[in-house]
Each structure stands twice: as structure tokens, then as C-alpha cells.
Amino acid sequence: MAFVTNDVSISDEPRELLFDKHVEYIANHGNDKNDYEYCMTEFLRMSGIYWGVTGLDLMHQLDRVNRQEIIDFIKKCQCPTSGGISACEGHDPHLLYTLSAVQILCIYDCLGEIDTDAIARYVSSLQQLDGSFFGDKWGEVDTRFSFCAVAILSLINKMDVIDLEKAVNFVMSCCNSDGGFGSKPNAESHAGLIYCCVGFLSITDQLHRLDCEKLAWWLCERQLPSGGLNGRPEKLPDVCYSWWVLASLTIMGRLNWISDEKLKKFILSCQDAETGGFSDRTGNMPDIFHTLFGLGALSLLGDERLRKVNPTFCMPQYVIDRCNVKPKVITQIWLPSQGSRQERQRMQEVVLIGHFENVLRVPFLLVDHVEPVMGSVGTEHNGRCATKCSQSKDRPARTYQLPQGWHCFRRHRFSTLTCNLLSGGDSSLRFQPIPG
1 MAFVTNDVSI SDEPRELLFD KHVEYIANHG NDKNDYEYCM TEFLRMSGIY WGVTGLDLMH
61 QLDRVNRQEI IDFIKKCQCP TSGGISACEG HDPHLLYTLS AVQILCIYDC LGEIDTDAIA
121 RYVSSLQQLD GSFFGDKWGE VDTRFSFCAV AILSLINKMD VIDLEKAVNF VMSCCNSDGG
181 FGSKPNAESH AGLIYCCVGF LSITDQLHRL DCEKLAWWLC ERQLPSGGLN GRPEKLPDVC
241 YSWWVLASLT IMGRLNWISD EKLKKFILSC QDAETGGFSD RTGNMPDIFH TLFGLGALSL
301 LGDERLRKVN PTFCMPQYVI DRCNVKPKVI TQIWLPSQGS RQERQRMQEV VLIGHFENVL
361 RVPFLLVDHV EPVMGSVGTE HNGRCATKCS QSKDRPARTY QLPQGWHCFR RHRFSTLTCN
421 LLSGGDSSLR FQPIPG
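Just so we're aligned: 130 in UniProt numbering is position 130 of the sequence shown, and the numbers increase by one with no gaps anywhere.
Here it is in C-alpha cells:
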């Protein structure tokens, strides 16, 4: 049976980032308060401001919008009863818009302008007995809200107000057999929800619970012949999935699993050469939502005109550093053996979990295979354990001692074995050879 791939045709132009046009597009967005589109999007205004402010900051143009006007708007949207923040005055508070407001205030370095204790109480009040979160008082449950909850609390430094263990267990209960995540247990895997769950695990230091090989394979299959990425099988590509998929792969250290050149060409083809801004697909109307995620994806792909973006929070990395928030990522170090071409192709993967800005390194090669000394294959080893490293023919096998607090387990990746070294992010830890 033949499979039909849904895809789009893309134009060859433009081939470069229309930087100045995007600055003008965002800076002028929403200036006309009588505009039909402006009035009809009142229900998500707070997120719209976040998309615009973040996009401008990534382009080094944050001063193009009125800082004080935005801060005053956010203060008016905080509910004096619940402590949550709404999309606009007169609307109900919601975790989605509370996160957007907190992100904006972090970018402006003025979290003190709102009552963060009240926000923490609001987030805590929405956690349910199974660890999930309502989005608001009306009771919808979704893994998006789990991400919003921990992202908010991480940014305001109040993670202790929720039952984190239950929250993690709920998110993991939404993991499917294909490695992906849905909105709730047994729901279909979706790239946007995968980003939320991977981001959640990045913030809560639980990335080791992921089956990264299976999940990254599902994500890289989202790339279509046009170079664009879709959110689920048989769907059309969309610029916003350039962010959801790329950010997830970046957190898992597998950004190189997709064709970055083809994706970049797809993203650039979605620019509006007349007005600026990005659309979902080539030839469609641009909007502020796709503009931010197009810029964010290009930042992840290394565009030097843009600030470095944090893949967990979709905020400029310098803001995350300033907030002293340390979401975790996985970094792959591929270590080829010496000798023939065939030997060099037999590479060993070492997975290190550390701070995004201070990734851990190890000072020795691991080649061919790694065997845990304690425990059985596929299980995690807690406490002190040793790892035997069989190295290339000109380097004898040696045994190394894992520092206290490190964990080691092995698993198959195609025909090779993998040694995963999981740390709490202390970059001073180094392996020491065991005497004798």
C-alpha cells in the first residue's frame, strides 16, 4: 500500500532573513486599536505581547516598544482574588497567560512589579490529586498546563509550592509507545505537546526518563521533502513546528538529526517580503505567533544576527542566565576510535546532562562498548558504581569510578551500546581511574 505525503511547494525567495522588515512588523503590530484583527484577538493579547517582545529582544530591538505601557497592562491583568493573570482586562486568569506575563516581566527584569506570592498560590491551587494541572478554574487538563506551571514557578523561584513528584509522574503517564507525548494519558503524540513535556522534564531535572532514541526518531520523521516540519504524521508543515520540534531535539542533544539547510530554506520562504513577519506556510498571511517561532527556530539553527534563544523557555538565553534558572539539556559527544575509516565510524555516545550554558565534559575516550559493573543491563545504578571502558587497540581498557551522585545505565542504540552519564550539573565533577 502506498503512503501519500502531505506537503507544500515552497518558493526560492527570499533566501535571507528580512531583519529590518520583521522589526517593523513586530514594532507596529497592535498600534491600531480599532483594527479588526486587534479586537478579535483580545482573548490572547498577553501571549501576543510575549511573542512580540521576545521576537524584538532576539533581534536586539527591545526598545522599539513601550516598556512601561506593557508593564502597566500586565499589572491590570493580575486578578486580586486568585493571583493569576488573564489575557486582557475583564477576562478570567489562566496559566497560559500567567506564564506569558511572567516571561515578559523577566525579559524586562521587573518581576517585582507583580505579586509573585499570589501567582505561586494560584499555580498551586490548580494542581490536582494525580499531579496534573487545570489551565484555569474551569477544569481543562492538558500537559501544556503542566509545562506552564513549572515554567512559571521556576522563573519566580517558587517550585516548592507544588507536589513535584506527582507532577512528573503525571507527565510520564502521558508518554506513548512511539516515545512521544499527548495532552493526557492515551492521547495521540503531538510535536507541540512533546515540546511541553520535554521542556517540563528539562526544568524538573528528569530528562533521564525520556527514551531519547525513540522520541528523536519520531521527531525527525516530522521533516517533509519541502524541508518543513509537521506536528503529526500526514499533516502539512508549519513554521511553528520548526520551534516545537527543533527545541525538543536541541534539549535532547539531537539537533543534527534533521536537515538544517532544508528547514532553514523552508522557514525563510515563509517570510512576507512586503510587510515583514512569518506565516505558517509559503504565501500565507504573516502573524505575530509564527514570526516569533520562525525567529526562534533560526536562532537555534545558529543565525548570527539573532540572540541565542533558550530551547526550554523560548526566551533569550541572557535572560535565563540573569534569572539564574538552569534548565537541563542533553549533550552528545561522539568519540571516534583511531584507525581505519570503519573503526572511526564506530562511535560511542556519551550523554551528559548539565546546565545549558555550562555543559559537562569528560577528559577521556570511550570507544566500542561500555559495561556497567553493578546491576543489570537496562536498569539505573544509584550511588557509586564503576564503568569498564573498552578502548581502541592503542589504548588499553581501563575502569573508571563514577563520582558520588552520578548514575550509569546502558542501553542499545542500533548495533552499539550507549553509556549515559547523568549528573546534577556540577561541571567540576570528573572521572578518576580506579587504581589497579
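Just so you know, even glycine gets a beta-carbon here, dropped at the ideal spot from N, CA and C. Nothing here was measured: the structure is a model prediction, and the numbers come from that model.
Judged by beta-carbon spacing, M46 lies beyond the 8 Å limit of A118, meaning their Cβ atoms are not closer than that value. Residue pairing for V141: DSSP places it in a beta bridge opposite F134. Comparing C-alpha distances from V8 to each of H290, N310, T291, N284 shows the shortest one belongs to N284.
According to the DSSP assignment, Y108 belongs to no alpha helix (DSSP H), since it is labelled neither H nor E. Take S173, set aside five residues on each side of it, and the residues of its chain with a beta-carbon closer than 7 Å to its own are P185, in chain order.
In the DSSP annotation of this structure, the continuous segment of the alpha helix (DSSP H) that includes E24 starts and ends at 19-28. Counting only the Cα atoms, D63 lies some 34 Å from S124. With contacts defined by Cβ atoms closer than 8 Å, I194 and F181 form a contacting pair. About 6 Å separates the beta carbons of H190 and R232, which is inside the 8 Å limit, making them a contact pair. Here Y241 is buried, its C-beta having at least 16 other C-beta atoms within 10 Å.
For D32, DSSP assigns no beta-bridge partner whatsoever. Distance from the CA of E16 to the CA of C106, rounded to the nearest whole angstrom, comes to 30 Å. In the DSSP annotation of this structure, the continuous segment of the alpha helix (DSSP H) that includes L298 starts and ends at 288-300. Contact check for A151 against I203 passes: the beta carbons are separated by less than 8 Å. A Cβ-Cβ contact shorter than 8 Å links D178 with W218. By the 16-neighbour rule on beta-carbons within 10 angstroms, D57 is buried.
I156 is positioned such that its CB atom lies closer than 8 Å to that of A120. Looking at the DSSP output, S86 shares a beta bridge with P93. For V325 and N310, the gap between their C-alpha atoms comes out near 11 Å.
Per DSSP, S47 is one residue of the alpha helix (DSSP H) stretching across 45-58. Nearest C-alpha to F170 among F200, D160, G302: F200. With a 10 Å radius around the Cβ and a threshold of 16 neighbouring Cβ atoms, Y36 comes out exposed. Non-local C-beta neighbours of R209 in its own chain, meaning closer than 7 Å and more than five positions away in sequence, comprise M172, L201, ordered along the chain.
Straight across, the Cα-Cα distance linking Q68 with C77 is about 14 Å.
Per DSSP, the beta-bridge partners of L229 are Q223. The C-beta distance from S269 to S11 rounds to 5 Å, short enough to meet the 8 Å contact threshold. Distance from the CA of G139 to the CA of G84, rounded to the nearest whole angstrom, comes to 15 Å. Beta-bridge partners assigned by DSSP to F181: C175. With a contact defined as Cβ atoms closer than 8 Å, Y318 and R307 qualify at about 7 Å.
Of the candidates F133, F73, D92, Q127, F73 places its Cα closest to the Cα of I114. By the criterion of a C-beta distance shorter than 7 Å, I320 is surrounded in its chain by N310, F313, once the five residues flanking it on both sides are discounted. Assignment of N284 by DSSP, reduced to helix, strand and coil, places it in the coil class.
Counting other Cβ atoms within 10 Å of its Cβ, R322 stays below 16 and is therefore classed as exposed. In the structure shown, I162 adopts coil according to DSSP, grouped into three states. Check the Cα spacing between G192 and each of E165, P93, S226, R222: the tightest is with R222.
Collapsing the DSSP output to three states places M40 in a helix.
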